[in-house]
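These protein sequences, in sequence, are chains A and B. Take the first sequence: its letter number 123 is residue 138 in this note's numbering, and every next letter is one higher. Take the second sequence: its letter number 209 is residue 217 in this note's numbering, and every next letter is one higher. The next block holds one structure in the form of structure tokens; read it before the comments.
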Amino acid sequence: MSSTARTALEIRGVRKAYGSTEVLHGVDLTGRAGDVLAVVGANGAGKSTLIKILAGAERMSAGELRLDGERVELRSPHDAHAHGIRTVHQELTLVPQLSVTENLLMGHFPRRFGGLIDWRAAHARARELLESIGYGAIDPRTRAGRLTVARQQMVEIAKALVSEGGRAGPRVLVLDEPSAVLAGGDLESLFTLIRRLQRRGVLIVYVSHRLAEVTELATTIVVIKDGRIVAETAPERTDENELIRLMAGRGPGRLYPARRPDAGEPLLTVSGLHRPGEFRDISFTLRAGEITGLFGLVGSGRSELARCVFGAEPAHAGSVTASAVGTAPGSTSEAAGASGGHRLFRSPREAIAAGLALVTEDRKRTGLVLGLSTAENIGLTTLRTTTRGPLLDTGRRRREVTAMVERLDIRPAHCAGLPVRTLSGGNQQKAVLAKWLLTGPRVLLLDEPTRGVDMATRAEIYRMLDELARAGMAVLLISSDLTEVLGATDRVLVMREGRLTAELPSDRTTEDTVLAHAIGHTA
Amino acid sequence: MTDQLTTSAQPAEPADSDGSAPPGRRPSRRPGPPRLVVAGRDLTLEAGFAVLLVAFVAIAGSTTDAFLTEGNLTNLLKQMVTTGLLAFGMLTVILTGGIDLSVGSVVAFSGIVAAGLSAGLPVPLAMLVGLAAGTGFGLVNGVLVARFQLAPFVVTLAALTTIRGLAFVYSETPVAPEKEGFFELGSAVLGPLPVSTLIMLAVFLVGGIFLSRTPAGRSLVAIGGSAETVRLAGIGVRRHVVLAYTISGACAGLAGVILASRVGIAQPSVGTAFELDAIAACVIGGASLAGGKGSVRATFAGVLVLALINNLLNLYDVQSFWQQVLKGLIIVAVILVQRTGRFRTAGAPNPADPGKARLS
């Protein structure tokens, strides 16, 4: 470790194709030991594919990778690991039932004679490891599943730094959105750790959506868009606005429709909603013709809140009141028992009957039935009512589905009979939306509807939400994307640790302000 | 973004921040084995089974004279009734992502109760009680699984031993009904076909329509794919799961009554390991034990395959222990052939498939 200017990682002309579709079109990257190489890009730009290649999880279709000048082939995650490339993925990979020690040392426990695990030594080694990177507060004997998400993330990072049995420690550490679940002091300790690793000559590849921290940490910023590197710059030579423009390839204004005029009557009133361990004393109102944003970090309780409002989880106290159900906005006619009064929905079915719809966060698990056709997925919410005698009215369903596929421009146009799993992420999300629009909702709750969705489809989704709101629907857009939660909405509710901490007008609020309320550093 | 979908599906956009979609799952460009598509429907599986069955029959007919005799064929048709009924019930449960291990014991209990009661009650009534008992057991299984969220494997394993015990409690020794009427159900023929076979065919026909064309049937299939998606769509998941186990119990009850009637005697020990044949038929028919995937027609083909294997091994006079070995190997072979075909066309299975994660 003589020179810190040593080129640690060099990739040249990396291409990656899935079937006939190429998603990386010849990417070049160079990082020196001790650098923080920040990679930024919109969803679908190719960041994840690049990370997977570095981690050995995917093989490049063409191109080469050099480590310390030496050409290396990564055939498997094990290869990458052995060469000192360590990756902390965005999704947590700890085994929740096992202790922190077991998670950290899995596969190379200290042994006693007879081959038994020497637990005392194992815990000591785990503690030492955590302390050496400034995470000494984590007890290695705790089961991983009982740690907060932020601490699990720290253990993930510690795990990536384990140098087993004399092998080289990490030379390259890839961090994929490491800060997504961190806030305040935890974020600070992550930054401290990164700087410490820098001094030890580790190259950090830092992938993040949060441009503020990218400009603070990075020595080099690389912007990736549509599978190409479109810019390489230093943080002192750029600013967030320029980065956003480079990532999106257009002004952010174009992405979001104009804001809507004044909101109408309240359609959903939540008051004093409380669910122990998840959120407390939540009150807000959703009005016709308005898109309300809900921002919160992972673990703030936002998804749980949406599920609870929708009757999918019981609440401990509070009420959810849907105003009169009517087909036309402004109508005051009441559907049988489904509206009025202070009450909670006891099941999603009751919520649907009262005019609510919920697009969940995880469309593969709770938004779609992947094995079924697109038509069956779109028809799921109306399955019980689309009948003729005892049988399904397939003719009517075909007409309804076809109309929705056209209205939302779901591609391919003949997707109705295809398994929904063959659709792209964006089109799958449209299918979920179509399913809910068929119920004729007046209140639409959406939890991270643009996650894993390409830019073009995102713009379409924003436009669609705008149209729906203008037609008199009340929309709640839950998002952890600051730009989106301000750009696509009229006002923003902010949640922190299960409480609503702010309600802000979207057009007069900065991302920093929203984040400050979400993290708890209000000036 | 292309909007054409021909042989290969439109690839999803690179799953950024959406790591749950491994690209290996995407349909590959390589042409798979030829598919048989008739009027827009992919009938490759059906055609494959047809070829297999014809081959079975051709081999059997040319190697042993005993196969193509009226007596043997009638026997074959009657023998497949039990497995057939159990397999349909099993399929409904497997589609929801569950399993019903108790069906063999239900066969014994329903048969012995019907046989026993036929001494004092009119035969049809006694048989109805046998059927009702099976339905009741299924209902209890369903409630334990759906309402109390117990693992289907554990619930029905407990039911397997409990109901077997109850059959012996009812009568330790075989019960031989005396009324002639008791034997009719299992022996009557309508034209060339045994009535019991016709009943089984009717169950498959009506059951097939139920699973493919009614809201409840589609809900069952969807629940096996993702129960939470179905619940959030406002569909009652519990009642549908209960329904699936109840159907399985009713099928087993019916099978038990028909079996006792055909054999002419009801034994408390009958039906051991019948659940395995039923599961095998579903799996040969391409059903996924993770739920959400399975075909009524292909399951029926699976029943035929199993019945033919059994029948042939008997005709060839293969010793019964060797029969078990061969049957096991043939089942694995059939599934392997099927799997390989599917892998090439649909790509590798998706390890992140949520359905697989909660295999019970």
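Heads up, the beta-carbon is just placed ideally off N, CA and C, and yes, glycines get one too. These numbers come from a predicted model, not from an experiment.
Determine the direct distance from the alpha carbon of residue j to that of residue i, and round the result to whole angstroms.
| i | j | result |
| --- | --- | --- |
| Leu483 of chain A | Gln444 of chain A | 16 Å |
| Glu283 of chain B | Gly119 of chain B | 16 Å |
| Gly99 of chain A | His138 of chain A | 24 Å |
| Ala140 of chain B | Val121 of chain B | 10 Å |
| Leu519 of chain A | Ala321 of chain A | 19 Å |
| Arg239 of chain B | Phe218 of chain B | 20 Å |
| Leu316 of chain B | Val249 of chain B | 32 Å |
| Gly279 of chain B | Leu193 of chain B | 19 Å |
| Gly144 of chain B | Ala167 of chain B | 12 Å |
| Thr437 of chain A | Gly173 of chain B | 49 Å |
| Ser70 of chain B | Leu323 of chain B | 13 Å |
| Thr45 of chain A | Ser223 of chain A | 18 Å |
| Gly257 of chain B | Ser338 of chain A | 45 Å |
| Leu383 of chain A | Ser494 of chain A | 20 Å |
| Ile259 of chain A | Leu24 of chain A | 26 Å |
| Leu212 of chain A | Leu197 of chain A | 19 Å |
| Pro276 of chain A | Gly304 of chain A | 8 Å |
| Ala533 of chain A | Lys301 of chain B | 43 Å |
| Val468 of chain A | Tyr221 of chain A | 22 Å |
| Met75 of chain A | Ser388 of chain A | 32 Å |
If you reduce the DSSP assignment to three classes, tell me which class residue i lands in.
| i | result |
| --- | --- |
| Arg414 of chain A | helix |
| Pro132 of chain B | helix |
| Glu247 of chain A | strand |
| Ser388 of chain A | strand |
| Leu226 of chain A | helix |
| His96 of chain A | helix |
| Pro31 of chain B | Residue confidence for Pro31 of chain B is low, a pLDDT of 40 falling below 50, so the modelled location carries little weight and cannot support an answer. |
| Phe299 of chain A | strand |
| Tyr178 of chain B | helix |
| Leu433 of chain A | coil |
| Ala196 of chain B | coil |
| Leu519 of chain A | strand |
| Thr375 of chain A | coil |
| Asp285 of chain B | helix |
| Ile219 of chain A | strand |
Among the options, which residue has its Cα nearest to the Cα of residue i?
| i | options | result |
| --- | --- | --- |
| Ser178 of chain A | A:Gln167, A:Ala97, A:Arg211 and A:Val170 | A:Ala97 |
| Phe161 of chain B | B:Leu297, B:Glu188, B:Ala134 and B:Ile243 | B:Leu297 |
| Asn80 of chain B | B:Gly244, B:Gly299, B:Ala175 and B:Pro202 | B:Pro202 |
| Pro329 of chain A | A:Thr300, A:Arg506 and A:Arg290 | A:Arg290 |
| Ser204 of chain A | A:Met169, A:Glu79, A:Leu188 and A:Ala366 | A:Met169 |
| Phe3 of chain B | B:Phe96, B:Leu103, B:Val265 and B:Leu334 | As shown, chain B starts at 9 and ends at 368. That puts residue 3 of chain B outside it, with no answer to give. |
| Thr307 of chain B | B:Leu320, B:Leu228, B:Gln327 and B:Ala286 | B:Ala286 |
| Leu103 of chain B | B:Gly216, B:Gly112 and B:Gly233 | B:Gly233 |
| Ala53 of chain A | A:Ile209, A:Pro155, A:Leu39 and A:Gln167 | A:Ile209 |
| His104 of chain A | A:Glu421, A:Gly129, A:Pro464 and A:Asp191 | A:Asp191 |
| Ser179 of chain B | B:Ile273, B:Gly142, B:Tyr253 and B:Leu152 | B:Ile273 |
| Asp241 of chain A | A:Thr516, A:Leu39 and A:Arg473 | A:Leu39 |
| Leu198 of chain B | B:Thr82, B:Val326, B:Leu60 and B:Leu344 | B:Thr82 |
| Leu147 of chain B | B:Thr181, B:Phe117 and B:Tyr253 | B:Tyr253 |
| Val313 of chain A | A:Arg473, A:Leu107, A:Arg364 and A:Met488 | A:Leu107 |
| Arg161 of chain A | A:Val115, A:Gly370, A:Glu280 and A:Glu79 | A:Val115 |
| Leu407 of chain A | B:Cys290, B:Ser220 and B:Gly142 | B:Ser220 |
| Lys335 of chain B | B:Leu314, B:Ile231, B:Ile243 and B:Ala95 | B:Leu314 |
| Arg158 of chain A | A:Gly151, A:Gln167, A:Ala152 and A:Leu232 | A:Gln167 |
| Leu64 of chain A | A:Gly149, A:Arg243 and A:Ile306 | Rather than Leu, the amino acid found at residue 64 of chain A in this sequence is Thr. For the residues A:Gly149, A:Arg243 and A:Ile306, the minimum Cα distance to Thr64 of chain A belongs to A:Arg243. |
Which same chain residues end up closer than 8 Å to residue i when comparing Cβ atoms and leaving out the 5 residues on each side of it in sequence?
| i | result |
| --- | --- |
| Leu453 of chain A | Ile393, Gly394, Thr396, Thr397, Glu415 and Met419 |
| Lys86 of chain B | Gly194, Pro202, Ser204, Thr205 and Arg270 |
| Gly287 of chain A | Asp296, Ile297, Ser298, Ala332, Gly333 and Ser334 |
| Arg411 of chain A | Thr401 and Arg403 |
| Gly216 of chain B | Val304 and Arg305 |
Apart from the five residues on each side of it in sequence, which residues of its chain come closer than 6 Å, Cβ to Cβ, to residue i?
| i | result |
| --- | --- |
| Ala390 of chain A | Val416 and Ala431 |
| Asn319 of chain B | Leu84 |
| Ile255 of chain B | Gly97 and Thr100 |
Round the Cβ separation of residue i and residue j to the nearest angstrom and send it over; I've been treating them as touching at under 8 Å.
| i | j | result |
| --- | --- | --- |
| Val544 of chain A | Leu501 of chain A | The requested residue 544 of chain A does not occur in the structure, where chain A is confined to residues 16 to 538. |
| Arg142 of chain A | Leu120 of chain A | The Cβ separation is near 11 Å, so there is no contact. |
CB-CB under 7 Å to residue i, same chain, minus the five flanking residues each way: which ones, in chain order?
| i | result |
| --- | --- |
| Arg202 of chain A | Arg is not the amino acid found at residue 202 of chain A; the sequence shown has Leu there. Same-chain partners within the cutoff: Ser194. |
| Lys379 of chain A | Leu385 |
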